[in-house]
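> What follows is a single structure, and I will ask about it in a moment.
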Amino acid sequence: MTICSESDVFTNKADDGAWCQALIRGLEGYTLCVKWDGTRLVTGAQLKAAVVHRDTNNIDFVRIVSCGHEIYDASILEADKYGHLPPCQAILRVLGGKGGFGSLLRGAGKGKNVSDNNDACRDLSGRRLRHVNAEKKLQEWKEDSKERDLEVVARQFIKKQKIHEKEVEQKQAALVEVANESAERLRGVAQSVRSGLRQEKSLLQVASAKRSAEQEEGAQPGPSKRPTFMWGLDDDVNSEEDSDTDGELDRAGHVDETLSENPIKIALAPSTPPPGSQNGAQDNKICLKNRSVGTLDLKTITSASQLEDLGMERLKEELAHYGLKCGGTLQERSTRLYLLNNNSVQSLDPKHMIKSKKK
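See below:
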């Protein structure tokens, strides 16, 4: 075995004798060129001995690797026709652990907390799966936006429809209640009309019997004492001819039968009060209203309540005519105007007068 320098590396031309050479990279990074004469076969122990001779004396820690394969001591390398062996590298042996790492990995694969969340993983384009899934969900949400809008419109329509139905039910219930109340009142009115007609019929019968008795005695019939009821049934009921009593009795009986058949269609006429039943208050009221503004004789008025019959607007016009304040309620206006009953306008308290605007 001959160790040569890098400059003494043999060429591809082979000599006539058998020989071989190998290039070995040492432990410190240098390259050894080792030559063996008389043979073309080299063992792994010979290669390891060449390295130990140069770098270290402990052959047990040296390993020879060639083309990714470890060269053991019993391994044999054969040179090519030019005597070249494959390049080799010398490395030191590293002490390993106690083992058991494989069983640890197998146990981790059977762990209980196995998660199927792959959001942190990436696809072939390098994007996170969480971002891809979020984009898909957003696209689906945008596609379903029209359906959501239709659902909102449908819910609003259903809500309005329920409110409308509730209002219709309330209106129908109110109409039924009003109809029942009206029917009850009409029944009461019809019953009152029947009782009134019966009373009038009985009174007419009594008056007729009395008049017949007077005629038999030869006395002159006095003025009719028949009550002045007017039910709006016939204009001849209150006629001035009192001798037509029998016809009136027949008409009253006919009206009673008609009312019993259809009591709702009969209207009541306002009863005419007998003459002289009221004092001259109503005539005085009509007289006051017929007077023009400023022509009322306030000295003939006995109280402020009589002036209230004129109304709010007429009192306002009268007060404005005399230059008095025309605001306030109906009682206040009548009281203010009644001050002129015994006083003149000049003698009144200025607080009742309208304030003149300063120029």
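In numbering that gives the first Met the number 0, the protein residues as written are 0 to 358. The beta carbon of each residue, even a glycine, is placed where N, CA and C say it ideally should be. Keep in mind the model is a prediction, meaning the values are calculated, not measured.
Given E77, which residues of its chain have a CB within under 7 Å of its CB, disregarding the five upstream and five downstream residues?
By 1-based counting over the sequence shown, the position of residue 77 is 78. Around E77: R39, L40.
> Per the contact definition of three or more C-beta pairs closer than 8 Å, is the segment 17–29 in contact with the segment 79–89?
A contact exists between the segment 79–89 and the segment 17–29.
> Less than 9 Å separating the beta-carbons of G326 and V344?
Translated into the one-based positions of the sequence shown, residue 326 becomes position 327. Translated into the one-based positions of the sequence shown, residue 344 becomes position 345. Contact flag unset, no.
> Report the residue from N116, S144, R147, K145 whose alpha carbon sits nearest the alpha carbon of N132.
One-based indexing of the sequence shown puts residue 132 at position 133. Per the Cα distances, N116.
> When DSSP labels each residue in this structure, what does E312 get in the three-state scheme?
Taking the sequence shown and counting its residues from 1, one reaches residue 312 at position 313. Correct three-state label for E312: helix.
> Exposed or buried, which one is K350 when buried takes at least 16 other CB atoms within 10 Å?
Taking the sequence shown and counting its residues from 1, one reaches residue 350 at position 351. Answer is exposed; the Cβ neighbour count stays below 16.
> Which one or two residues does DSSP pair with C87 in a beta bridge?
Stepping through the sequence shown from its first residue, residue 87 is reached at position 88. I23.
> Alpha carbon to alpha carbon, how far is K136 from R121? Give it in angstroms, no decimals.
Along the sequence shown, read from residue 1 onward, the residue named residue 121 stands at position 122. Along the sequence shown, read from residue 1 onward, the residue named residue 136 stands at position 137. Whole-angstrom Cα-Cα distance: 18 Å.
> What does the alpha-carbon distance come out to for the pair E27 and A89?
Numbered from its first residue, the sequence shown carries residue 27 at position 28. Numbered from its first residue, the sequence shown carries residue 89 at position 90. Going by the C-alpha atoms only, they are around 9 Å apart.
> I need the DSSP call for Q345, collapsed to helix, strand or coil.
Along the sequence shown, one-based indexing puts residue 345 at 346. Three-state DSSP puts Q345 in coil, outside helix and strand.
> Would you say T328 and A303 are within 9 Å of each other, going by their C-beta atoms?
Your numbering for residue 328 matches position 329 in the sequence shown. Your numbering for residue 303 matches position 304 in the sequence shown. No, the pair does not count as a contact, with Cβ atoms beyond the cut-off.
> Going by the CB atoms, is the gap between I58 and A73 shorter than 9 Å?
If you number the sequence shown from 1, residue 73 lands on position 74. If you number the sequence shown from 1, residue 58 lands on position 59. For A73 and I58, no; Cβs fall outside 9 Å.
> Mind checking C66: buried by the 16 CB within 10 Å criterion, or exposed?
Residue numbering aside, residue 66 sits at position 67 when the sequence shown is read from its first letter. The residue is exposed, with fewer than 16 neighbouring Cβ atoms inside 10 Å.
> Please classify I70 as buried or exposed, where buried requires at least 16 neighbouring CB atoms within 10 angstroms.
Position 71 of the sequence shown, counted from the start, is the residue given in the question as residue 70. Classification of I70: buried, given that the 10 Å Cβ count is 16 or more.
> Could you give the first and the last residue of the continuous alpha helix (DSSP H) run that contains V151?
Here residue 151 refers to the residue found at position 152 of the sequence shown. First-last of the alpha helix (DSSP H) with V151: 144–216.
> Can you tell me where the beta strand (DSSP E) holding L329 begins and where it ends?
What you label residue 329 is simply residue 330 of the sequence shown in a count that begins at 1. Not the beta strand (DSSP E): L329 falls in the alpha helix (DSSP H), residues 329–337.
> Among the candidates L309, S114, R24, whose CA atom is the shortest distance from the CA of L91?
Residue 91 sits at position 92 when you count from the first residue of the sequence shown. Nearest of L309, S114, R24 to L91, Cα basis: R24.
> For the beta strand (DSSP E) that R53 lies in, which residues bound it at each end?
Locating residue 53 in the sequence shown gives position 54, counting from the first residue. Run containing R53: none in the beta strand (DSSP E); it sits in the alpha helix (DSSP H), 43–53.
> Determine the burial state of I63: buried for a count of at least 16 other Cβ atoms within 10 Å of its Cβ, exposed for fewer.
The residue labelled residue 63 in the question sits at position 64 within the sequence shown. The residue is buried, with at least 16 neighbouring Cβ atoms inside 10 Å.
> Which first and last residues belong to the alpha helix (DSSP H) in which S304 is found?
Indexing the sequence shown from 1 puts residue 304 at position 305. 303–306 is the span of the alpha helix (DSSP H), which, as asked, contains S304.
> Measure the C-alpha to C-alpha separation of Q204 and R197 and round it to an integer number of angstroms.
Sequence index remark: in the sequence shown, residue 204 carries index 205 (1-based). Sequence index remark: in the sequence shown, residue 197 carries index 198 (1-based). Answer to the nearest angstrom: the Cα atoms are 11 Å apart.
> Mind checking L306: buried by the 16 CB within 10 Å criterion, or exposed?
Position 307 of the sequence shown, counted from the first residue, corresponds to residue 306. Per the 10 Å Cβ criterion, buried.
> With a CB to CB cut of under 6 Å and the five nearest residues on each side skipped, what residues in its chain are close to K44?
Residue numbering aside, residue 44 sits at position 45 when the sequence shown is read from its first letter. With the sequence shown as reference, residue 44 is identified as Ala, and Lys is not the correct amino acid for it. These residues qualify, in order along the chain: D72.
> Quick check: the Cα distance between V51 and G101, rounded to an integer number of angstroms?
As a working mapping, residue 51 is identified with position 52 in the sequence shown. As a working mapping, residue 101 is identified with position 102 in the sequence shown. Their backbone Cα atoms lie some 34 Å apart in a straight line.
> Throw me the rounded Cβ distance for the N340 and L295 pair, which I believe falls under 8 Å.
Reading the sequence shown from its first residue, position 341 is the one you call residue 340. Reading the sequence shown from its first residue, position 296 is the one you call residue 295. Actually they are not in contact, since the Cβ atoms of N340 and L295 sit about 11 Å apart, beyond 8 Å.
> How would you call L123, buried or exposed, if buried means at least 16 neighbouring beta carbons within 10 angstroms?
Taking the sequence shown and counting its residues from 1, the one referred to as residue 123 is at position 124. Its Cβ having fewer than 16 others within 10 Å, L123 is exposed.
> Cutting at 6 Å between CB atoms, please list the residues of its own chain near A319, excluding the five before and the five after it.
For the purposes of this step, residue 319 is taken as the residue at position 320 of the sequence shown. Around A319: C325.
> Could you check if R332 is buried or exposed, using at least 16 other CB atoms within 10 Å of its CB as the buried criterion?
Along the sequence shown, one-based indexing puts residue 332 at 333. Answer is buried; the Cβ neighbour count reaches 16.
> Is the separation between the beta-carbon of R127 and that of D118 shorter than 9 Å?
The residue labelled residue 127 in the question sits at position 128 within the sequence shown. The residue labelled residue 118 in the question sits at position 119 within the sequence shown. Their beta carbons are under 9 Å apart, which means R127 touches D118 by this criterion.
> What three-state label does DSSP hand T299 in the structure shown?
Indexing the sequence shown from 1 puts residue 299 at position 300. Three-state DSSP puts T299 in a helix.
> What are the boundary residues of the beta strand (DSSP E) that includes R62?
Taking the first residue of the sequence shown as position 1, residue 62 is located at position 63. From DSSP, the beta strand (DSSP E) with R62 extends over 61–65.
> On the DSSP bridge list, what partners appear for H68?
Residue 68 sits at position 69 when you count from the first residue of the sequence shown. In the DSSP output, where bridge partners are listed per residue, H68 has S65.
> What do you get for D348, buried or exposed, if any count of 16 or more other CB atoms within 10 angstroms of its CB means buried?
Residue mapping note: residue 348 aligns to position 349 of the sequence shown, counting from 1. Label assigned to D348: exposed.
> How many Å lie between M311 and Q214 at the Cα?
Residue mapping note: residue 311 aligns to position 312 of the sequence shown, counting from 1. Residue mapping note: residue 214 aligns to position 215 of the sequence shown, counting from 1. Approximately 57 Å between the Cα atoms of the pair.
> Return helix, strand or coil for R121, following the three-state DSSP convention.
What you label residue 121 is simply residue 122 of the sequence shown in a count that begins at 1. Correct three-state label for R121: strand.
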